[in-house]
Ligand code: ISL
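In the working numbering, the protein residues as written are 1 to 573.
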């Protein structure tokens, strides 16, 4: 019997502070706003709240560029407000985890200010500085051809000290040098101990496999022709000292507390490698986010060169990451949304008016039936959808989308087709979709803010149709369906949270049918991912299938036919 550790059975709810609830009508969400919604979160059936960065920051990357780990971004509130939030969670039996962003800091962090002061500064080595290279014609070149996640070179020239510094993300997010033990200790003290001592219950660990980059920093192979900067994640992810660093972090800090950690693990397709991070014996991380599911459909040269995907690919990904822990002592996660992704209804099902509610419930069934710790993102519980395709690029705010859009426009000399393709990709995958203000009710700006001229980010056109207030009292709403599914998941923990996954008819492009088994118990889940009727091929399992839950209220049509976007969970008795 797997041990019933709180972070395995708990459901996590992610909050993006800028967009959750504005309590002081400045157009930006804040911590008192979150505190005012804790009962709502508890009532939904949540156990753990994950708060995206609320630290002090110049906000070039929505707070993932931290200028002080020990302070709160003033528009969000104060350290005292955060202590109130911890208490509000704990007094209701909820836990609170913070976002730990320690691959890089803001260029306005005191450490970087000192580091860039001179080559002789004691903190020079806290970041990754390298001399320029020179082309045959004498042109100054960066140390290698790595592309940053937000387009352009991953190196920034510093006039003052005449060297480049590395930034895998924005120019304003210099990478910390983890090779330096003093730096590592400072990170543990400032970013971790400071908050653990205040009672936070753990961390979602940003870009956790990028700390160790080796010291050679070789060029990446050229896959994006005609441009100098190349995607290089295979060179900076999972570097030589990665596991050593995480064991050290665990021994020196985490092991002293009853915490949970979930690390972001991009660029790591090999399940055996993932197990090294999450195996319980090795004491590194409790679980990770593997990226295959959210990368679905993204282009090979850049995510915003959308290529689309087939249902069989999605099924194979789910199966792979469900099964990688079979027979091991590792653990996994279940998620399809976060603040870096388009909304799941729009990406994986249908946000057409006639199907979007049913689609949201279909995905809720899938999420709640899978093994691992379940993460849901604010607004997912009411079926929030992507921004309308009528919104122009000017309504988007995210640095990743905007930089890529403008770089393609520039590179292709405003080629209509190339730019339209990027725009279409952003309409599906853009990070902004998840960052629209939370839709609380049908009052102006969805009840998110009382500011006269609106929130920092445009409110979704459909907030009157999709909001919390209207769903709370509607028995068949998406919100009430999520509540019911979360209860069902808990009531049948063995099967749904801990059971063994088995996929059926995996090449079928219309339906996803899978089984969950635990001891003698068995469930069968049938999901129709199309807008037409599809045959339900009953898998070869023993016993009679008894309907436990469905997203259409009983069986719509016949036993052996699934109606559009219908989802069912059966118990095999
Ligand atoms: O961005 C990606 C692909 O375009 C990912 O592979 C990326 O490594 C991952 O999503 C990192 O994201 C996290 O760190 C970023 C921040 O902008 C994101 O919001 C955060 O989730 C930098 O701190």
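Built from N, CA and C at the ideal position, the CB exists for glycine as well. Quantities reported herein were computed from a predicted structural model and do not represent experimental measurements.
Report yes if the CB atom of residue i is closer than 9 Å to the CB atom of residue j, and no otherwise.
| i | j | result |
| --- | --- | --- |
| residue 399 | residue 336 | no |
| residue 285 | residue 205 | yes |
| residue 565 | residue 531 | yes |
| residue 288 | residue 213 | no |
| residue 202 | residue 83 | no |
| residue 481 | residue 513 | no |
| residue 263 | residue 291 | no |
| residue 65 | residue 57 | yes |
| residue 207 | residue 338 | no |
| residue 48 | residue 88 | no |
| residue 442 | residue 469 | yes |
| residue 12 | residue 373 | yes |
| residue 381 | residue 479 | yes |
| residue 108 | residue 156 | no |
| residue 125 | residue 118 | no |
| residue 256 | residue 196 | yes |
| residue 562 | residue 523 | no |
| residue 330 | residue 278 | yes |
| residue 160 | residue 106 | no |
| residue 425 | residue 226 | no |
| residue 371 | residue 504 | no |
At what residues does the beta strand (DSSP E) containing residue i begin and finish?
| i | result |
| --- | --- |
| residue 497 | Neither: residue 497 is in no beta strand (DSSP E) and is coded neither H nor E. |
| residue 489 | Not the beta strand (DSSP E): residue 489 falls in the alpha helix (DSSP H), residues 478-491. |
| residue 567 | 567-572 |
| residue 15 | 11-15 |
| residue 373 | 373-377 |
| residue 466 | Looking at the DSSP string, residue 466 is not in any beta strand (DSSP E), and its letter there is neither H nor E. |
Opposite residue i in the DSSP bridges: which residues?
| i | result |
| --- | --- |
| residue 514 | 503 and 525 |
| residue 356 | DSSP lists no partner for residue 356. |
| residue 535 | 561 |
| residue 550 | 568 |
| residue 99 | 204 |
| residue 472 | Per DSSP, none; premise fails for residue 472. |
| residue 140 | 134 |
| residue 230 | 146 |
| residue 545 | 572 |
Report all residues from its chain with a CB closer than 7 Å to the CB of residue i; omit the five preceding and five following residues, and keep chain order.
| i | result |
| --- | --- |
| residue 418 | 408 and 412 |
| residue 55 | 63, 66, 68, 69, 71, 72 and 73 |
| residue 19 | 29, 435, 436, 437, 438 and 457 |
| residue 9 | 493 and 497 |
| residue 542 | 572 |
| residue 33 | 20, 21, 22 and 23 |
| residue 78 | 72 |
CB-CB under 6 Å to residue i, same chain, minus the five flanking residues each way: which ones, in chain order?
| i | result |
| --- | --- |
| residue 246 | 284 |
| residue 144 | 217 and 219 |
| residue 340 | 431 |
| residue 50 | 12, 14, 97 and 204 |
| residue 359 | 345, 349, 350 and 565 |
| residue 450 | 25 |
| residue 391 | none |
Since residue i is in the alpha helix (DSSP H), which residue starts that stretch and which ends it?
| i | result |
| --- | --- |
| residue 411 | 399-411 |
| residue 81 | 79-90 |
| residue 32 | 31-35 |
| residue 428 | 416-429 |
Quick one: what's got a C-beta closer than 8 Å to residue i's C-beta in the same chain, skipping five residues either side?
| i | result |
| --- | --- |
| residue 1 | Legend: pLDDT at residue 1 = 42, less than 50; position of this residue unreliable, value from coordinates given subsequently. Result list for residue 1: empty, nothing under 8 Å. |
| residue 240 | 212 and 214 |
| residue 547 | 554, 555, 568, 569 and 570 |
| residue 507 | 312 |
| residue 274 | 265, 268, 288, 290, 324 and 330 |
| residue 533 | 557, 561, 562, 563 and 564 |
| residue 223 | 230, 231, 300 and 301 |
Regarding residue i and the ligand NAP, is the C-beta to nearest heavy atom distance less than 8 Å?
| i | result |
| --- | --- |
| residue 303 | This structure lacks the ligand NAP; its bound ligands are the ligand ISL. |
Query raised in the report: Can you list the beta strand (DSSP E) stretches of 3 or more residues lying completely in the stretch 142-212, in chain order?
Result: 155-158, 163-166 and 202-205
Report task. At 4 residues or longer, and completely inside the stretch 293-351: list those alpha helix (DSSP H) runs for me, N to C. Result -> Secondary structure remark: continuous alpha helix (DSSP H) runs of at least 4 residues inside the stretch 293-351, in chain order: 311-323 and 344-348.
Query raised in the report: In chain order, which continuous runs of the beta strand (DSSP E) of length 3 or greater are located wholly inside the stretch 42-76?
Result: 48-51 and 68-72
Requested in this report: Write down every uninterrupted run of the beta strand (DSSP E) in the stretch 243-291 whose length is 3 residues or greater and which is fully enclosed by it, in chain order.
Outcome: Within the stretch 243-291, the beta strand (DSSP E) runs of at least 3 residues that lie entirely inside it are, in chain order, 260-265 and 287-290.
Query raised in the report: Can you give, in chain order, each stretch of the alpha helix (DSSP H) that sits fully within the stretch 103-135 and has at least 4 residues?
Result: 110-115
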